[in-house]
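**Student:** My questions will all concern the structure given below.
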């Protein structure tokens with residue numbers, strides 16, 4: 002009914018779209034690739050760790066000691082900085098102005114009162130003044146008069162006024178002051194006179210607490226301090242604060258007499274001088290208040306700690322907004338004693354200003370810090386995406402092999418963590434980070450290739466620059482070190498290779514850094530320091546990689562030139578066994594080694610790797626050498642076996658070779674040659690024999706999969722070269738007349754058959770490289786199987802003249818894969 006139905010174009014297009022199956026999105030298609038899910042987890046984890054390393058610390062100080070300052074740095078806001086000298090002065094003043102503590106000498110008071118109480122009894126027991134002990138007389142200020150002088154000394158003023166003619170009466174002599182005092186003291190021993198004396202002693206006890214008598218040295222010490230007061234502590238009495246001027250030193254006799262006199266006014270006038278003398282004697286021997294060193298030191302310590310915990314405003318230096326904090330390094334007023342770079346004092350000042358600015362910003366503009374963190378996270382996300390995109394397009398096998406991808410991610414994260422640790426160390430120059438970038442480049446060159454190392458190393462350098470807040474000069478120096486080392490490290494065939502590479506790269510980095518420094522107008526002192534740091538880090542990178550080379554080879558499953566040279570030594574146990582037990586296979590492997598090395602060097606691959614891999618590719622034939630044609634003399638054991646049994650023996654040499662490689666610790670990189678040198682090709686000779694046997698027995702045709710090698714197919718160029726060379730050499734060796742033209746035709750057919758069979762689909766060879774490999778194999782085979790000149794021989798009667806060749810080529814027979 003189409004002539005009568007009218008549908009517009011849009012309706013027809015809509016119906017077509019509905020009938021067409023929708024394709025999944027590119028993201029879904031990518032996730033369905035082998036290993037994609039694991040690689041995605043690795044990428045997300047890498048991003049999170051790299052972002053954490055980037056944003057922590059969030060706002061580091063962008064200055065370092067000795068840094069070149071191109072312009073004056075001024076304060077962004079008003080701030081103050083705690084001054085250590087001012088704090089020390091405040092602490093000294095606090096120690097000096099803190100009141101000292103003196104403890105009341107209770108024992109001295111008790112001794113004084115007890116001593117005064119016992120004086121009457123002691124004097125009464127002496128009977129007379131002359132019998133009183135000398136120390137007691139001295140304390141009381143009493144003196145015993147001598148007979149010669151006693152009458153005159155004891156005469157009273159009234160007796161001296163008598164006329165001289167009147168005779169003196171010896172029986173009525175006036176007593177001396179000491180005797181009167183003695184009698185007064187003795188009278189106090191009587192109970193009726195004791196009450197007043199005890200009351201006076203009690204009053205004196207109270208008065209003694211107010212005798213602020215201290216040692217002479219402590220009195221002088223307190224006079225020299227800035228403290229105005231002291232603390233006086235006595236027994237249960239609360240601490241009393243007194244002025245320093247109220248203290249009395251033990252050596253101030255006049256002041257002591259004055260305060261003692263005031264305290265003794267209540268005593269009888271006859272014993273008062275004795276009490277005063279007794280008090281003076283005791284106070285000059287012992288202070289009434291003792292210096293309490295522990296309490297005083299604790300008070301001083303607390304005063305100092307209070308200042309340290311909460312410094313007063315006088316301990317700060319104040320700076321105004323716009324005030325210059327650090328002057329430019331190339332200022333003309335630079336004196337001889339000044340350093341051209343940022344000094345330590347200026348760095349501390351800038352650190353304080355930076356912290357103050359962040360605090361103000363967090364208070365007034367809290368969103369700014371989060372915006373900075375988000376922007377840095379986006380940069381890390383961009384670099385991570387660039388890294389993953391490069392791997393996805395140029396190294397997709399890393400996506401499929403999650404273990405290899407994890408190793409790469411861990412390597413870069415370890416390097417970034419090393420950068421973060423170096424930035425946190427004091428005194429580390431930013432140009433020392435070239436160590437990390439150069440190490441990354443060399444390790445990736447060893448594990449992969451130069452192109453991959455340059456790409457990933459450049460991305461790593463970008464990570465490093467953003468992480469350390471670097472500038473154009475920093476990224477330039479890092480890339481100069483990376484490129485100079487990667488371009489030189491193509492193959493490490495000797496132990497001195499990395500040292501030579503490091504020396505040359507260090508010179509290049511030094512030159513580049515020097516040129517950038519001179520362009521920026523830096524002082525040569527600062528420029529030479531930066532250049533030496535960069536050159537030293539580059540040299541250290543090579544030395545560290547040299548020391549870590551065995552670990553790198555084991556982790557990434559690669560083998561450097563020096564390791565390969567060790568394994569191509571004929572004295573190695575595997576090669577010795579191969580030469581002794583399978584000599585034909587050994588010679589075949591040597592020929593393949595020369596062919597593979599030449600072909601690999603033709604396309605720029607690793608020739609040494611191809612040669613050593615060819616040496617070990619057939620070591621599995623050691624277990625059953627007599628079942629392989631090159632080792633057979635006259636008898637072919639396969640003639641007595643079923644084709645199915647024969648093919649099991651032929652296929653088994655790959656598995657046996659891998660087991661021997663593990664047993665003898667053959668490098669992992671060489672094991673690929675053993676596993677892939679036949680790929681998944683068909684054993685045509687025995688498959689053809691099995692097919693004929695099935696036809697003759699009218700049995701079902703054999704399964705082709707049973708006559709194919711287990712594989713895998715080659716994943717890199719060198720094992721693929723070995724596959725082509727092995728098949729070409731075996732085919733040419735079976736030819737009766739290997740002329741150059743026939744050799745070229747045979748090699749071309751072998752290469753085409755491998756291409757058509759898909760054996761080279763997983764490796765990185767291009768058609769141009771395959772053609773170059775084919776030409777190299779033809780050239781090598783023509784050199785091995787070239788024509789020979791026939792040597793003339795003597796004729797014998799009845800015998801025709803023949804030409805004898807040095808190597809007689811066997812009659813051509815079908816190519817068998819057991820070779």
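In my numbering, the protein residues as written are 2 to 820. Here a beta-carbon is modelled for each residue, glycine too, at the ideal position from N, C-alpha and C. All values reported here derive from a predicted model rather than from experimental measurement.
(1) Considering only C-alpha positions, which residue in the set 59, 479, 552 and 585 is nearest to residue 535?
(2) Which residue or residues does DSSP assign as beta-bridge partners of residue 103?
(3) Count the other CB atoms, across all protein chains shown, that sit within 10 Å of the CB of residue 286; report buried if there are 16 or more and exposed otherwise.
(4) Could you tell me which of 408, 608, 211 and 622 sits nearest to residue 233, measuring between CA atoms?
(5) Pull the bridge partners of residue 249 from the DSSP assignment, please.
(6) Label residue 660 either buried or exposed according to how many other C-beta atoms from any shown protein chain fall within 10 Å of its C-beta, with 16 as the threshold for buried.
(7) Taking the C-alpha atoms as reference points, what is the distance between residue 154 and residue 181?
(8) Expressed to the nearest angstrom, what Euclidean distance is found between the alpha-carbon atoms of residue 506 and residue 302?
(9) Tell me whether residue 612 is buried or exposed, calling it buried when 16 or more other Cβ atoms sit within 10 Å of its Cβ.
(10) Taking residue 474 as the reference, give the member of 673, 453, 431 and 235 with the closest Cα.
(11) For the segment 751-764 against the segment 679-698, do three or more pairs of beta-carbon atoms, one drawn from each stretch, fall closer than 8 Å, so that the two count as touching?
(12) Considering residue 145, what are the terminal residues of the beta strand (DSSP E) in which it resides?
(13) For a test of the three-state rule: what should DSSP assign to residue 202, helix, strand or coil?
(14) Are the CB atoms of residue 306 and residue 76 nearer to each other than 8 Å?
(15) Let me confirm a value: residue 42 is counted as buried when at least 16 other C-beta atoms fall within 10 Å, else exposed. Which label applies?
(16) If we count the other Cβ atoms within 10 Å of its Cβ and call it buried at 16 or more, is residue 186 buried or exposed?
(17) In whole angstroms, what is the alpha-carbon distance linking residue 500 and residue 541?
(18) Residues in its own chain within less than 7 Å of residue 559 by CB, not counting five upstream and five downstream?
(19) Measuring straight from C-alpha to C-alpha, what distance separates residue 440 and residue 546?
(20) Measuring only the C-alpha atoms, how far is residue 297 from residue 218?
(21) DSSP has residue 177 in a bridge; who is on the other side?
(22) Looking at the secondary structure, which residues open and close the beta strand (DSSP E) in which residue 325 lies?
(23) Do residue 304 and residue 99 have their C-beta atoms closer together than 8 Å?
(24) Residue 587 lies in the alpha helix (DSSP H); which residues open and close that run?
(25) Report all residues from its chain with a CB closer than 6 Å to the CB of residue 11; omit the five preceding and five following residues, and keep chain order.
(26) Look up residue 683 in the DSSP assignment and say whether it is helix, strand or coil.
(27) Give the range of the beta strand (DSSP E) segment to which residue 54 is assigned.
(28) Determine the direct distance from the alpha carbon of residue 635 to that of residue 571, and round the result to whole angstroms.
(29) Quick one: any contact between the segment 194-202 and the segment 112-125, if contact means 3 or more CB pairs under 8 Å?
(30) Determine which residues share a DSSP beta bridge with residue 75 and list them.
(31) Give every residue of the same chain whose Cβ lies closer than 7 Å to the Cβ of residue 647, excluding the five residues on either side of it in the sequence, and list them in chain order.
(32) List in chain order: all unbroken alpha helix (DSSP H) runs of 4+ residues lying wholly within the segment 430-497.
(33) Going by CA-CA distance only, name the one from 603, 622, 775 and 463 that's closest to residue 1.
(34) Flag this pair as touching only if the segment 366-375 and the segment 53-60 have three or more C-beta atom pairs under 8 Å; answer yes or no.
(35) By DSSP's criteria, residue 319 is part of a beta bridge. Which residues make up the other side?
**Tutor:** By the coordinates alone:
(1) 479
(2) 233 and 292
(3) exposed
(4) 211
(5) 214
(6) exposed
(7) Residue placement at residue 154 cannot be trusted, given a pLDDT of 40 that sits under 50; the coordinates are not used to answer.
(8) 59 Å
(9) buried
(10) 431
(11) yes
(12) Per DSSP, residue 145 belongs to no beta strand (DSSP E) and is neither H nor E.
(13) helix
(14) no
(15) exposed
(16) buried
(17) 9 Å
(18) 447, 448 and 670
(19) 7 Å
(20) 16 Å
(21) DSSP lists no partner for residue 177.
(22) 325-327
(23) yes
(24) 584-604
(25) none
(26) strand
(27) Premise fails: residue 54 lies in the alpha helix (DSSP H), 37-56, not in any beta strand (DSSP E).
(28) 28 Å
(29) yes
(30) 325
(31) 639 and 687
(32) 435-448, 451-468 and 473-489
(33) Since the first and last residues shown for the chain are 2 and 820, residue 1 lies out of range.
(34) yes
(35) 81
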